[in-house]
Amino acid sequence: MHTSVALLMELGIVLAVLGAAGTITRRFGVSPVPLYLLVGLLMGEGGIAPLPAAGEFIEVGASIGVVLLLLSLGLEFSVEEFTVTLRRHVPSGLVDMVANAAPGAVAGWLLGLDATGIVALAGVTWVSSSTIVSRLLDDLHRLAYRETPVVLSILLLEDFAMAVYLPILAVLAAGGGLLHGMASVAVAVGVLAVALAVSHRWGHRVGRLVDDRDTEQLLLRIIGLSLIVAAAAELAGTSAAVGAFLVGLAVTGPLAGRLRRVIAPLRDLFAAAFFLAIGLSVPPAALVPLLPVALALAVVSTGTKILTGWYAAGRHGAGPRGRLRAGTVLAVRGEFSIIIVGLVALPGNPLGPLATAYVLVLAIAGPLLTWWVSPPPVRRFQPEPAA
Amino acid sequence: MDVTEVLLPGVGLRYEFSTEEGQRIGVVARRTGDFEFVSYPGDDPDEVRLLFRLGPEEADAVTEILGAPRIAERFADLTREVPGLNAGQVEVTAGSRFAGRTLGETRARTRTGSSIVAIVRGEDVIASPGPEQQLRAGDILVVIGTQQGITGVEHILAS
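Right, dumping it as C-alpha cells:
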C-alpha cells in the first residue's frame, strides 16, 4: 500500500492547528465551531494555505461527520421526553419558529434568492445550536435555573422540527415538480412517523440488533447501520443526515447512553472535518461583500431570539432576568445552520458565504453575549494544590 | 414532603423540595450520573445559589450515608401505604445452603413473588442487589412481598 506523505502531512498539520486553537477557545468557553469554519476559510480556494492532497479526505470525512452529528442527536432524543415537552411547550416552539424563521426568509427574499434559498435561510436563522447552548448552560451553571427547562425544550422541539424540515428542504433543493415534491415530503414525514412508532414500540429490538458487550463490535455495528440507512435515505431522495437521525431515534434506553459515549469522540473528529469542509467550500473573497448583510441579520435574529426566550420563559414563571438569560443563550446558531447550507448551497450561490459569515458571527458573539448578560453565579470550587 | 420533578430534555431531571425550615432546595440529576445541589433563596425566581456538585461515586457515598440508618424505616413506611404488602428481614444462617452462593441461585422471587430489595451486611447495606450478588452467612435480607411470600423466602434460606 502506498502511503501519501502529502495527505498525512497536510491532515496532521490541520488537526494540530485545530487542536491548538481549540484549547484557546475552550478556555474562554467559546464553541470550536467558528474556529473550524475560520480555518477552513483560510485553507480553501483563494485562502492562504490550500490543501491539494487532504481536500478529498476532508470531503469524505465531512459526509461521515454529518451522519454522526445527526446520529448522536437522535440518540439524545427520547420519545417520552418529546411527548412531555410537546404537551407543555408547543406555543413556545411555535413562537420560536415564526419569530426566528421570519428574518431569514425576509433577508432571502430581499437578496433575491429562489424559494429553496428563502426556505433554507429561514431555517438558518430559526435553529439555535443545541450543542453550543447546552454546553453554555452547563459551563455557566444554569441547569438549576427556572428558565433552563424551557430553553432545553425549545432546543428539543427545534431539533425535532429539523427532522421534518431537512427532508423537505432536500426535496426542494433537488428540484422537480410540485406534485413530486409533495409526494417526497409525504414519504419523508411518513418514514419519520414510522420510525418514531418503531422506536417507541420495538426500540429494544433495534437495540438488540446492535448491542454487544464489546465496545468495538458495538461501534462497528451502529456506524455500519447508520451509514447504510443514511445511504438509503439519500437514494430515496431525502437526506443522509435524516436517515442517521432516524437510526439514533430508534435506539433508546441505557444502550443509547452507552452509544452516546462511544460515538462522541469519533463524532467530534468527523464533525470538525464537516465544518472544515464548509469553510473550504467558501472562498473568503465571496464572504467579504456579504459581511454587512450577515451582521445585520445576526443583530435582527438575536433580537427575535431574545423575544422568543422572553416569551417562553415568562410562560413558565421566570422573572425578567431569567427571561433575558433564556433569550440570549438561544441566540447562538451553529451546526444545524451549517448542515442546512451543506444541503442546498451551490458554488456561486450567495447562501453558502452568507450563512457561513452569519454562523461565524453568532457562534462567537452569542456565548459572549450570554456570558455578559449573566456571568456564572459562583466560581467553580478551586481545589488546593497538593502539598 | 412534596418533591417536584422537572424534566430537563437531553440533560436529565431536576427535583425540588422545601425543607421544614423553609429553604427551597433543587437537585439536578444528570444522565451522566453527576448531581448538582442548589438552593433558591428568597422570592426572586431568577436567583439560584450553587451549593455543591457530586460525581457519581460521591453521590453513591452520600446515598449510603443517608440511606443506611433509614432503610428499614423507609420500608416500614412503604408497607403501611400499600395494604397487603409487607417487609421482612430474613437472615442467611451459617447452616444455610445458600451461604457462599449467589442471590440468583435462591430463585426467591420466582418461587415466592417476593423481592429482595437490600442486603444488610454488618455495617454495610447493599441496596437493590443483583442476582449475581454473593450471599454470606450472617447477611440479613430485606424482603418485600406478601406475608406468605416472606415466609416462603425464610423456608428457602433455611433449607
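In the order they appear, the protein sequences are chains A and B. Here the first sequence is numbered in this note's numbering, starting from 96 and rising by one per residue. Here the second sequence is numbered in this note's numbering, starting from 257 and rising by one per residue. From the three backbone atoms N, C-alpha and C, an ideal C-beta is built for every residue, glycine too. All of these numbers come straight from a predicted model, not from anything done at the bench.
DSSP three-state call for residue i: helix, strand or coil?
i, result
"Asp380 (chain B)", "strand"
"Arg280 (chain B)", "strand"
"Val427 (chain A)", "coil"
"Arg122 (chain A)", "helix"
"Ala414 (chain B)", "helix"
"Gln390 (chain B)", "strand"
"Thr226 (chain A)", "helix"
"Arg237 (chain A)", "coil"
"Val409 (chain B)", "helix"
"Arg353 (chain A)", "helix"
"Phe340 (chain A)", "helix"
"Pro415 (chain A)", "helix"
"Arg303 (chain A)", "helix"
"Thr211 (chain A)", "helix"
"Gly270 (chain A)", "coil"
"Pro384 (chain A)", "helix"
"Leu106 (chain A)", "helix"
"Gly188 (chain A)", "helix"
What residues from chain A crowd round residue i, counting only those whose CB sits closer than 9 Å?
i, result
"Glu292 (chain B)", "His236, Leu238, Ala239"
Please report the straight-line C-alpha distance between residue i and residue j, rounded to a whole angstrom.
i, j, result
"Val409 (chain B)", "Ser352 (chain B)", "12 Å"
"Leu315 (chain A)", "Gly150 (chain A)", "25 Å"
"Ala281 (chain A)", "Ser173 (chain A)", "23 Å"
"Leu287 (chain A)", "Ala339 (chain A)", "11 Å"
"Gly203 (chain A)", "Asp316 (chain B)", "54 Å"
"Gly207 (chain A)", "Ile213 (chain A)", "9 Å"
"Thr347 (chain A)", "Leu170 (chain A)", "7 Å"
"Ser295 (chain B)", "Gly311 (chain B)", "18 Å"
"Val427 (chain A)", "Ile434 (chain A)", "15 Å"
"Ala482 (chain A)", "Arg305 (chain B)", "Below a pLDDT of 50, predicted positions are generally treated as unreliable, and Ala482 (chain A), at 45, falls in that range; the measurement from the model is reported next regardless. Computed Cα separation, rounded: 31 Å."
"His411 (chain B)", "Pro385 (chain B)", "20 Å"
"Leu263 (chain B)", "Ser187 (chain A)", "16 Å"
"Ala343 (chain B)", "Arg365 (chain B)", "14 Å"
"Ala383 (chain B)", "Gly356 (chain B)", "19 Å"
"Leu385 (chain A)", "Arg270 (chain B)", "44 Å"
"Gly401 (chain B)", "Val293 (chain A)", "35 Å"
"Leu205 (chain A)", "Leu137 (chain A)", "29 Å"
"Ala116 (chain A)", "Leu133 (chain A)", "11 Å"
"Val424 (chain A)", "Val346 (chain B)", "55 Å"
"Leu247 (chain A)", "Ser224 (chain A)", "11 Å"
"Ile321 (chain B)", "Asp380 (chain B)", "10 Å"
So is residue i buried or exposed if we call it buried at 16+ other beta carbons inside 10 Å?
i, result
"Met257 (chain B)", "exposed"
"Met257 (chain A)", "buried"
"Asp273 (chain B)", "Inspection of the sequence shows that residue 273 (chain B) is occupied by Phe rather than by Asp. Answer is exposed; the Cβ neighbour count stays below 16."
"Asp254 (chain A)", "buried"
"Ile375 (chain B)", "buried"
"Arg475 (chain A)", "Here Arg475 (chain A) scores only 49 on pLDDT, less than 50, and its place in the model should not be relied on; the value that follows carries that caveat. Exposed: under 16 other Cβ atoms inside 10 Å."
"Asp395 (chain B)", "buried"
"Glu313 (chain B)", "exposed"
"Thr403 (chain A)", "buried"
"Ile459 (chain A)", "buried"
"Arg362 (chain A)", "buried"
"Ile119 (chain A)", "exposed"
"Val259 (chain B)", "exposed"
Which chain B residues are close to residue i, counting only those with a beta carbon under 8 Å from its beta carbon?
i, result
"Thr180 (chain A)", "Leu263, Pro265"
"Pro244 (chain A)", "Val262, Leu263, Leu264, Pro265, Arg270"
"Glu253 (chain A)", "Simply none; closest approach about 11 Å."
"Glu171 (chain A)", "Gly266"
"Leu218 (chain A)", "Checking the sequence, you will find Gly at residue 218 (chain A) rather than Leu. Within 8 Å Cβ-Cβ: nothing; Gly218 (chain A) doesn't reach chain B, min ~21 Å."
"Ser229 (chain A)", "Gly266, Val267"
"Leu247 (chain A)", "Leu264, Pro265, Gly266, Val267"
"Glu176 (chain A)", "Leu263, Pro265, Gly266"
Name the chain A residues that come within less than 7 Å of residue i, Cβ to Cβ?
i, result
"Val259 (chain B)", "What Val259 (chain B) touches in chain A: nothing, since even the nearest Cβ is about 15 Å away."
"Val284 (chain B)", "Leu238, Ala239"
Who does residue i pair with in a DSSP beta bridge?
i, result
"Leu264 (chain B)", "B:Gly268"
"Gly344 (chain B)", "B:Val399"
"Phe291 (chain B)", "B:Ala285, B:Leu310"
"Arg305 (chain B)", "B:Ser295"
"Ile372 (chain B)", "B:Val399"
"Thr358 (chain B)", "B:Gln390"
"Ser418 (chain B)", "Limits of chain B in this structure are 257 at one end and 415 at the other, which puts residue 418 (chain B) out of reach."
Interface residues of chain B around residue i at Cβ under 9 Å?
i, result
"Ala339 (chain A)", "Neighbours of Ala339 (chain A) on chain B: none; closest Cβ ~17 Å, over 9 Å."
List, in chain order, every chain A residue whose beta-carbon is nearer than 8 Å to that of residue i.
i, result
"Arg287 (chain B)", "Gly352"
"Pro301 (chain B)", "Arg241, Gly412, Ala413, Gly414, Gly417"
Name the chain B residues whose beta carbon is nearer than 7 Å to that of residue i?
i, result
"Arg428 (chain A)", "Under the 7 Å cutoff, chain B gives no residues; its nearest Cβ is about 18 Å from Arg428 (chain A)."
At a threshold of 8 Å, does residue i count as lining the ligand NAD (C-beta to nearest heavy atom)?
i, result
"Glu410 (chain B)", "Absent from the structure shown: the ligand NAD. Ligands present: none."
Could you tell me whether any Cβ in chain D is nearer than 9 Å to the Cβ of residue i?
i, result
"Ser223 (chain A)", "The displayed structure is made up of protein chains A and B, and chain D is not among them."
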